[in-house]
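Residue numbers (my numbering), protein chains in the order written: chain E, 250 to 447; chain S, 250 to 447.
Heads up, the beta-carbon is just placed ideally off N, CA and C, and yes, glycines get one too.
2 protein chains.
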Amino acid sequence: MAKRVRTTPGPRGERGELAARILACARESFAEHGWAGTTIRAVARAADVDPALVYHYYRSKEDLLEAATTPPPGFLESVVEAWHGPTAELGDRLVRNLLAAWANDEYRVVLRSILLTAAHDAATRERLAQSVTLSLMGPAMIDLNDAERQVRAGLVASQLLGFAMLRYVWTVEPIASMSDADAIDHLAPTIQRYVDGA
Amino acid sequence: MAKRVRTTPGPRGERGELAARILACARESFAEHGWAGTTIRAVARAADVDPALVYHYYRSKEDLLEAATTPPPGFLESVVEAWHGPTAELGDRLVRNLLAAWANDEYRVVLRSILLTAAHDAATRERLAQSVTLSLMGPAMIDLNDAERQVRAGLVASQLLGFAMLRYVWTVEPIASMSDADAIDHLAPTIQRYVDGA
């Protein structure tokens, strides 16, 4: 890979900061303008760096999109973890995990960007669907065939996605300012019913 | 209002067709590029008309956005109608109404565009939230105070929105190709529980 870096990268700390700044600007651009409307040049301008530095860190627009729409480290693990433990409390744990993830400032900005980018970009939706499916299908504790598990995982995702869109992306009242306790009371039985197939 | 139409509009039928073509291009642009990324000039180019004609039909970018994100005639009425009839079957009727609306080619393209535009644009979300609230709050048959009704309407919206996003906008499997009968079986009890506050 040819490196054509004209901007001299600073010391290690500053380099990480530059990469993070580029990634943040890329997330914003993919979310607002989609794949077609995003250029390396515009991302570089927004991040106030030379375009060559964007290529240096992220190689191509494809790789930049992939980095921008990768769930934050720890997030998918937290979903998998939520699926463990007693099946009878899965609804409760999955809703609590959702609320905790969006309450985390670092996760929130990435999750929001992924949801918005997914609206534009089929490849992002595909990767997101795979992540969701993989992380939800894991629990061997639920004794079902794969087709049935995918249906239930999809139903769980539909309720959690719609709630997250209204509460955190669209910020529509009264969902946006509903207490966490009320959200759990309302949603957990729905999720549990989808898990149980009742 | 000054009319600066350089393109000579054709006979009546053709005029309606031009306005519809402009509106379709505007919907596409607001959905893909948001408010900031949409220009009258680009909409005119996409519709293959003179920009003056866009101003002639829609006066301003604000009015064009409003026209592009107005629910199709008949849609809100169908939602209100679904709220009438026996309360015990509300869940069933609201899900059937959603499926019927998205099965209608004319509605589908407008609903999709509204959902995508709402991701970008706060004013569109606000209008959408008002539409949802108004159309869901109507039924005096549900004996509740306003705050409680808004919470329940919001929960109903969260499930229907999430399902519509996965099935029709993101087209994620197995939700996308689930039969209508299965969708009703899975979702109606959820919606009913939110209505009943059970």
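Is the beta carbon of I440 of chain E sitting closer than 8 Å to the one on R345 of chain E? no
Rounded to whole angstroms, what is the Cα-Cα separation between P321 of chain E and C274 of chain E? 16 Å
Under 8 Å between beta-carbons, which chain S residues line up against G286 of chain E? List them in chain order, please. E281, H282 and G286
Given a cut-off of 8 Å on the beta-carbon distance, is the pair T287 of chain S and R376 of chain S in contact? no
L314 of chain S to S362 of chain E span [Cα, whole Å]: 23 Å
* Taking all protein chains shown into account, decide if G265 of chain E is buried (16 or more other Cβ within 10 angstroms of its Cβ) or exposed. => exposed
(request) Measure from the C-beta of L347 of chain S to each C-beta in chain E and report whether the shortest distance is under 8 Å. (result) no
What's the C-alpha gap between D395 of chain S and Y443 of chain S?
15 Å
*From A349 of chain E to S327 of chain E, what does the alpha carbon distance come to, in whole angstroms?*
10 Å
Cβ-Cβ distance between G411 of chain S and G411 of chain E below 8 Å
yes
Assuming A295 of chain E and L302 of chain E make a contact with CB atoms under 8 Å, what is their CB distance in whole Å?
Incorrect: roughly 13 Å between the Cβ atoms, too far for contact.
Note to self: Any beta carbon from chain S within less than 8 Å of P438 of chain E's own beta carbon?
What the structure shows: yes
query = Is it true that the stretch 397-411 of chain E meets the stretch 352-367 of chain S, where meeting means three or more beta-carbon pairs spaced less than 8 Å apart?
reply = no
> Would a C-beta distance cut-off of 8 Å place L343 of chain S and M414 of chain S closer than the cut-off?
Replying inline: no
Of all the options S:A425, S:Y306 and S:D431, which has the alpha carbon lying nearest to the alpha carbon of L267 of chain S? S:Y306
* Asked: Under 8 Å, do Y417 of chain E and W332 of chain E count as touching if we go by C-beta distance?
  -> no
Original post:
Which chain S residues sit within Cβ distance under 8 Å of L415 of chain E?
Top reply: G403, A406, S407 and L410
request  = Report the option in E:P335, E:P300 and E:S428 whose CA atom is closest to the CA atom of R290 of chain E.
outcome  = E:P300
Taking just the CA atoms, how far does G446 of chain S sit from P438 of chain E?
12 Å
Closest to I424 of chain S by CA distance: which of E:V421, E:A430, E:I424 and E:E397 is it? E:E397
Simplified DSSP assignment, three categories, for T319 of chain E:
coil
CB contact check: W351 of chain S to chain E, cutoff 8 Å: no
query: What residues from the stretch 360-374 of chain S come within 9 Å of chain E, judged by C-beta to C-beta, listed N to C?
result: L364, L365, A367, A368, H369, A371 and R374
*With a 10 Å radius around its C-beta and 16 neighbouring C-beta atoms as the bar for buried, classify A280 of chain S as buried or exposed.*
buried
Query raised in the report: When we look at the beta-carbon of D429 of chain E and count the other beta-carbons within 10 Å, is it buried (16 or more) or exposed?
Result: exposed
Fill in: Ordered list of alpha helix (DSSP H) runs contained in the stretch 352-439 of chain E, each at least 4 residues
354-369, 371-386 and 395-413
Tell me, please, whether the CB atom of R290 of chain S is closer than 8 Å to any CB atom in chain E? no
Can a CB atom of chain E be found closer than 8 Å to the CB of W419 of chain S? yes
In angstroms with no decimal places, state the Cα-to-Cα distance between M427 of chain E and E311 of chain S.
32 Å
| Residues in its own chain within less than 7 Å of E422 of chain E by CB, not counting five upstream and five downstream? | none
Worksheet entry | Contact with chain E by I424 of chain S, beta-carbon distance below 8 Å | yes
Check: Closest by CA to I271 of chain E, which one among E:A316, E:H369, E:V405 and E:H435?
Finding: E:A316
Q. Nearest to A406 of chain E by CA position, among S:L436, S:G334 and S:Q379, is which residue?
A. S:L436
Discussion item. Quick check: what's the CA-CA separation for T448 of chain S versus T373 of chain E?
Written reply: The structure shown does not extend to residue 448 of chain S, since chain S is modelled only from 250 to 447, so the question has no answer here.
query: Any idea what DSSP makes of Y443 of chain E, helix, strand or coil?
result: helix
Which ranges would you report for the alpha helix (DSSP H) in the stretch 265-310 of chain E if only whole runs of at least 4 residues count?
289-296 and 300-307
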